[in-house]
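Peer 1: Residue numbers (the numbering used here), protein chains in the order written: chain Y, 40 to 180; chain D, 428 to 624; chain B, 72 to 546; chain X, -2 to 90. We treat Cβ as the ideally placed atom computed from N, Cα and C, and that holds for glycine. Computed from a predicted model, the values in this text were never measured in an experiment. I'd like to ask some things about the structure below.
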Amino acid sequence: MSASFTKSTARNIFYGGSVFFFLLFLGLTLDTTMALPSHNAKAKLTDAAVRGKKIWETRNCGGCHTLLGEGAYFGPELGNVYVRRGPDFIKGWMKAMPTNVPGRRQMPQFHLNDGELDDVVAFLKYTSEINTNNWPPNIQG
Amino acid sequence: MRTDSLPMEDIPHDRHVPGDLAMWCFILAELAVFGVFFLVYGYHRWRDPALFSHGQQQLHLLLPTLNTLLLLAGSAAIVAAVRAFALNRQRSGRRWLMSTMLAGGGFLVLKAIELGGKFAAGITLSSGDFWMFYLSLTVFHFLHVVLGMVIVAAVWWQARDGRYAGATIDGVETAAAYWHMVDLVWIVLFALIYVAR
Amino acid sequence: MSNASAATLAAEQARAPAQIKYRSQAVAKPYFMAAIGLFIGQILFGLIIGLQYVKGDFLFPAISFSTARMVHTNLLIVWLLFGFMGAGYFLIPEECERELYSPKLAIITFWVFLVAGALTIVGYLGLPYNVLAHLTGNDLLPTMGRGYLEQPLITKVGIVLVALSFLFNLSMTLLSGRKTSISIVMLLGLWGLAIFFLFSFVNPNNLVLDKYFWWWVVHLWVEGVWELIMGAMLAFVLVKVTGVDREIIEKWLYLIIAMTLITGIIGTGHHYFWIGTPAYWQVWGSIFSALEPVPFFMMTMFAFNMVKRRRREHPNQAATLWALGTGVMSFLGAGVWGFLGTLSVVNYYTHGTQLTASHGHMAFYGAYAMVVLTMISYTMPLLRGREANSPQAQNVEKLAFWVMTLSIVGITLCLTAAGATQVWLQRMSSAPLSFMETQEHIMPLYWARLVCGLGFFSGLMLYLISFFVTGKRQD
Amino acid sequence: MAGIVDPMNTPAPLTQWLLWAWLSGLTLLAAVLAESGQLSQHWLAPLVLGFAWLKGWVVIERYMGLCHAPHWLRASVHGWLLLVTGVLLLSFR
């Protein structure tokens, strides 16, 4: 068979293809950012939820838990924990940590005050309202 | 440059890869992407035929039919261009390349009118399964026509400097192969989205 | 600092070995040594969290799981970055056929990066995370507390400065030297690495957008620009050990990385299925990421083909083994295991389970750890003044290769089984168990994973020992 | 030289016109059939997908020139066309 296979063509395909698909990705990103408000119309990002997000980040909650399936797989999914357990359970649970049951996985005590606990709950309420296209498959996350 | 092209090239009726092998790898990858896209479309249509028929009823056939004719004309012109360059008829070859670009330009204009109407009607990627596939496939293909025009334009530019005079016409064949791929995908797309309803 | 680095530089230059072509390539050596040291640290913390999976209160509260995991993943990133930088400092002068623009800057950069990295780890281990965040200015620009990007703001700024100094040095070298495809692809990848890291400073309050752009760092790194770096490093070593015509290797390199970015950029969409983004990503993400194994398969075929067509028998057989191993393991880990969970209909059940962890372990080891080890295996003997290590040393290194690789296969299989159990009991069952009940059922697999982890650590120790085996020189 | 193309590999001018007319004719026929509404849906879909296959076949063989290409390449592209049109045919029930 006769065929040519040149470096210059391969190089042009690399540059052209990369630019082409990156521009397409930017286009889809633009569409996504424009579609988000209506897609997540139910999710209310309140000031308390924003403060709760900062608490989530600065206590490294994602170092053990998943949130919408992303994070670590040591503790349960918390994106829908507001629905699964309710606000009072969440606050009571965090106050009672650690359990100190020998051999069990331990969650640290973060010494959050009542206002901060409410912020965490507001954040978890917000995450439970995000339109995740029906993920997770059931309430257990 | 062509370090691993095999000998035996002078044997008549030898199997010949039209254009650069790297481009054919790219073409096969593109066909794979479109192919999987079509199969996923088929799966969704099979699950909810009513939704898709209803969407298809709202598409007019005039513009896409004209567009099919334009793309086919572009393909025909680039075949003529390859033959012209193979016979070392430079002026004629360049003219045929220009014809391909004109046909492609016409396609882009008509397609922009069609898509503009859809956008004006408030249709987006989130307007349900049918419109999601309609927009994804047609816009994705539209961008491929743009890329095809860029490639043909680059070849046309090089042809002006006599790049394809006498020695090798690989570049023309490579561009032609890509253009035909874009055409081939559109042939399936046209039948699938617009006509088969 | 500058005195110390100048002294180090002088010391490096004084014993600049005969086998490297340009004396300034010697700056790669400390980078590779730091990489191996941090690699050992990464595995130690991996063992800690592996043990915490079965003995939940191990080391609690001194080192909680979240802290140990953060150290484990951050050390991974940092040692790979050290490896990439060492590879850059070695590869670019050789390809450009000139000395490095500024070896002194490279040494200063090394110490800045090492000290900043060490301080960050000390901060992780010595301070509560929120105190560390407060002290390091997270209130000014909150960027912390997101996977892989847990570093304090000042560390992130430091990483950017280190990357800029590194890229400035290499780019100046390239601009006035010979420009080969390998060096251009390497630099493109490294520039991309730096540019996409800037998205680590983007942290919108809207969680969906936060996650959306978080992936611009994480996915566009490991399934995008890092693959350019990996491809360039692999191509460089293959040119050296096989003696195959550079033109052939370079055109395959271009074709492979073209396929990588064509599939990988839109392939980011496989992370946008369930995080609050529109549903069309399920179609776009599935289609493109389904094709992501293709470039990895091409990479495997490429490595084996080039070795098969080799025109010389390079005495460094260990480096060839690492190169072939990279091809196979990156295909298995990134290609096959990545594909297992990438289609949205499957991912709906596997998302956020140990299946993701299994893919992560094999892909990071197979693609990036192994390509850095390939580079180290090829360059370290040269940096130490010989073309290849003694056969005895190479035998130990090859044994280490097999022990580490088989151990990671074991870890991956354990985690795959663990993930499948999770999917079955917690997601698909008609009476789904809770997360923690499910974990109880997985305990035996976590024990097995820990055993494999110990195996990996012993392989790593063998690898370390191989540097100190002298034996008789072949030549 | 690999790059020199035997002009015999490309269709002669008359053939080119005929190919173009055949492809355009099939396109117009499909559009007219769909617009007229004479055919029930059960027949329209297989017919136009059949037309698409016929057109694709011509593009692959004559326009792309794969009739002169190595068999693996020719088979891949034909396989793609058959798979796509075939599976899509099944999706119209």
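Please state the DSSP three-state secondary structure of B:A502.
Peer 2: Residue state, collapsed to three classes: coil.
Peer 1: Y:L106 bridges to which residues according to DSSP?
Peer 2: Bridge partners of Y:L106: Y:E109.
Peer 1: What separation, rounded to the nearest whole angstrom, lies between the Cα atoms of X:S88 and X:Q38?
Peer 2: Rounded to whole angstroms, X:S88 to X:Q38 spans 13 angstroms at the Cα level.
Peer 1: Determine, for D:S553, whether the minimum Cβ-Cβ distance to residues of chain B falls below 8 angstroms.
Peer 2: Cβ-Cβ to chain B under 8 angstroms: yes for D:S553.
Peer 1: Can you list, in chain order, the stretches of the alpha helix (DSSP H) that have 4 or more residues and sit fully within the segment 222 to 259 of chain B?
Peer 2: Here the runs fully enclosed are 224 to 246.
Peer 1: Look up B:F538 in the DSSP assignment and say whether it is helix, strand or coil.
Peer 2: If DSSP states are grouped into helix, strand and coil, B:F538 belongs with coil.
Peer 1: Closest by CA to B:L533, which one among B:S271, B:I111, B:A99?
Peer 2: Among B:S271, B:I111, B:A99, the Cα nearest to that of B:L533 is on B:I111.
Peer 1: Taking the straight line between their C-alpha atoms, what separation do you get for B:L190 and B:I134?
Peer 2: Roughly 17 angstroms between the two C-alpha positions.
Peer 1: I need the straight-line Cα distance from B:Q96 to B:G154, nearest angstrom please.
Peer 2: Whole-angstrom Cα-Cα distance: 14 angstroms.
Peer 1: Which of the three DSSP states, helix, strand or coil, is assigned to B:R383?
Peer 2: B:R383 falls in the coil class under three-state DSSP.
Peer 1: At the level of alpha carbons, what is the spacing between Y:T71 and Y:F64?
Peer 2: Their backbone Cα atoms lie some 10 angstroms apart in a straight line.
Peer 1: Any beta carbon from chain Y within less than 8 angstroms of B:Q84's own beta carbon?
Peer 2: Because B:Q84 sits at a pLDDT of 49, beneath the cut-off of 50, its placement in the model cannot be relied upon, and the point is left open.
Peer 1: Do you know offhand how far B:T348's Cα is from B:Y420's?
Peer 2: For B:T348 and B:Y420, the distance between alpha carbons rounds to 18 angstroms.
Peer 1: Counting C-beta neighbours from all protein chains within 10 Å, is the total for B:E511 16 or more, i.e. buried, or is it exposed?
Peer 2: Exposed, because fewer than 16 other Cβ atoms sit within 10 Å of the Cβ of B:E511.
Peer 1: Is D:G589 buried or exposed, if buried means 16 or more other CB atoms sit within 10 Å of its CB?
Peer 2: Looking at its Cβ environment, which holds fewer than 16 other Cβ atoms inside 10 Å, D:G589 is exposed.
Peer 1: Pull up the distance between the alpha-carbon of B:A471 and that of Y:N172, whole angstroms please.
Peer 2: Going from the Cα of B:A471 to the Cα of Y:N172 covers about 46 angstroms.
Peer 1: Throw me the rounded Cβ distance for the B:G260 and B:A303 pair, which I believe falls under 8 angstroms.
Peer 2: B:G260 to B:A303, Cβ: 6 angstroms. Contact.
Peer 1: Tell me whether B:T391 sits in a helix, a strand or coil according to DSSP, three-state version.
Peer 2: Reduced to three states, the DSSP call for B:T391 is helix.
Peer 1: I'd like to know whether the C-beta of Y:A82 is nearer than 8 angstroms to at least one C-beta of chain D.
Peer 2: Output row for Y:A82: interface = no.
Peer 1: Would a check of beta-carbon distances place D:A592 closer than 8 angstroms to chain Y?
Peer 2: D:A592 does not count as touching chain Y.
Peer 1: Using a Cβ cut-off of 8 angstroms, pull out every chain B residue sitting near D:S563, in sequence order please.
Peer 2: Y351, V354, W355, listed in chain order.
Peer 1: The segment 497 to 528 of chain D: which residues have C-beta closer than 9 angstroms to a C-beta of chain Y, in chain order?
Peer 2: From the segment 497 to 528 of chain D, no residue has a Cβ closer than 9 angstroms to chain Y.
Peer 1: Looking at B:I482: is its Cβ nearer than 8 angstroms to the Cβ of B:H432?
Peer 2: Yes, they are a contact pair.
Peer 1: Can you tell me whether B:Q545 is helix, strand or coil according to DSSP?
Peer 2: Residue placement at B:Q545 is poorly supported in this model, since its pLDDT is 49, which falls under 50; the coordinates still yield a value, given next. It is coil, neither helix nor strand.
Peer 1: Taking Cβ positions only, does B:R140 come closer than 8 angstroms to chain Y?
Peer 2: Yes, B:R140 lies at the interface with chain Y (some Cβ there is under 8 angstroms from its Cβ).
Peer 1: Out of curiosity, what's the CA-to-CA distance linking X:L63 and D:R442?
Peer 2: C-alpha separation (whole angstroms): 9 angstroms.
Peer 1: So for X:H39, helix, strand or coil by DSSP?
Peer 2: In this structure, X:H39 counts as helix in the three-state DSSP scheme.
Peer 1: Run through DSSP, which three-state label would X:M61 get?
Peer 2: Note: X:M61 maps to coil in three-state DSSP.
Peer 1: Of the residues that make up the segment 453 to 473 of chain D, which ones have a beta carbon closer than 9 angstroms to any beta carbon in chain X?
Peer 2: Answer set for the segment 453 to 473 of chain D: I454, L455, L458, A459, F461, G462, F465, L466, Y468, G469, Y470, H471, R472, W473.
Peer 1: Can you find a CB in chain X that lies within less than 8 angstroms of the CB of D:L488?
Peer 2: Yes, D:L488 counts as interfacial toward chain X.
Peer 1: For the alpha helix (DSSP H) containing B:F472, list its first residue and its last residue.
Peer 2: 462 to 493 is the extent of the alpha helix (DSSP H) around B:F472.
Peer 1: Any heavy atom of the ligand MG closer than 7 angstroms to the Cβ of B:L212?
Peer 2: Although the ligand MG was asked about, the structure shown includes no ligands whatsoever.
Peer 1: For the segment 98 to 110 of chain Y, which residues have a CB atom closer than 7 angstroms to at least one CB atom of chain B, in sequence order?
Peer 2: Under the 7 angstroms Cβ criterion, the segment 98 to 110 of chain Y contributes R98, N99, G101, G102, C103, T105, L107, G108, E109, G110.
Peer 1: Hey, B:T226 and B:L220: beta-carbon distance below 8 angstroms or not?
Peer 2: No; because the gap between Cβ atoms is not below 8 angstroms, this pair is not in contact.
Peer 1: Out of B:I346, B:T334, B:L411, B:G412, state which residue places its alpha-carbon closest to the alpha-carbon of D:E457.
Peer 2: Nearest of B:I346, B:T334, B:L411, B:G412 to D:E457, Cα basis: B:T334.
Peer 1: Taking a contact to mean a Cβ-Cβ separation below 8 angstroms, would you say B:I107 touches B:L414 in this structure?
Peer 2: Result no, Cβ atoms of B:I107 and B:L414 do not sit closer than 8 angstroms.
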